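For the sequence shown, this note's numbering assigns the number 9 to the initial residue and increments by one for each residue that follows.
Glycine included, each C-beta is placed from N, C-alpha and C at the ideal position.
From a predicted model like this one, the values you see are computed outputs, not experimental measurements.
Below is one structure; the comments refer to it alone.
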Amino acid sequence: MPSWALTTVATKDLRTLLRAVFKEQVQCPLSPAALAMLGLQDTSPALLEHLRGLESEAVHAVLVAVLAERSLDDETRRRRELGLA
9 MPSWALTTVA
19 TKDLRTLLRA
29 VFKEQVQCPL
39 SPAALAMLGL
49 QDTSPALLEH
59 LRGLESEAVH
69 AVLVAVLAER
79 SLDDETRRRR
89 ELGLA
């Protein structure tokens, strides 16, 4: 089965996890139970496929990178819609 990386995880869920990691409300390495406590049980398979075993600094870095990339994609899409790109 091909990996879809974190593309199947909603941006709001990534932000929820990033906030919890930043505030040290979730312990890393991540576990299914920890994700369920954040209400992320439905996305835990995709999250754990890529973040399992990582310490908090690494989880934080991955989430920031993914969210930044999505933000750039959103901005590019907006510019195209406005005819600016």
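Exercise for review: Give the single residue among LYS31, SER52, SER39, ARG27 whose Cα lies nearest to the Cα of LEU14.
Suggested key: SER52
**Study point:** Alpha-carbon spacing of GLU89 relative to ALA76, whole angstroms
**Key:** 20 Å
Review point. Of all the options LYS20, ASP81, ARG87, GLN33, which has the alpha carbon lying nearest to the alpha carbon of SER64?
Key: GLN33
**Study point:** Proximity below 8 Å, CB of LEU46 to CB of ALA28
**Key:** yes
Check your understanding: Going by the CB atoms, is the gap between LEU48 and THR24 shorter than 8 Å?
Key -> Yes, the Cβ-Cβ distance between THR24 and LEU48 is below 8 Å.
Point to revise | With 16 other Cβ atoms within 10 Å as the buried cut-off, status of ALA38 | key: For the record, residue 38 in the displayed sequence is Leu; it is not Ala. Per the 10 Å Cβ criterion, buried.
Exercise for review: Output the distance between the C-alpha atoms of LEU26 and VAL17, rounded to the nearest integer angstrom.
Suggested key: 13 Å
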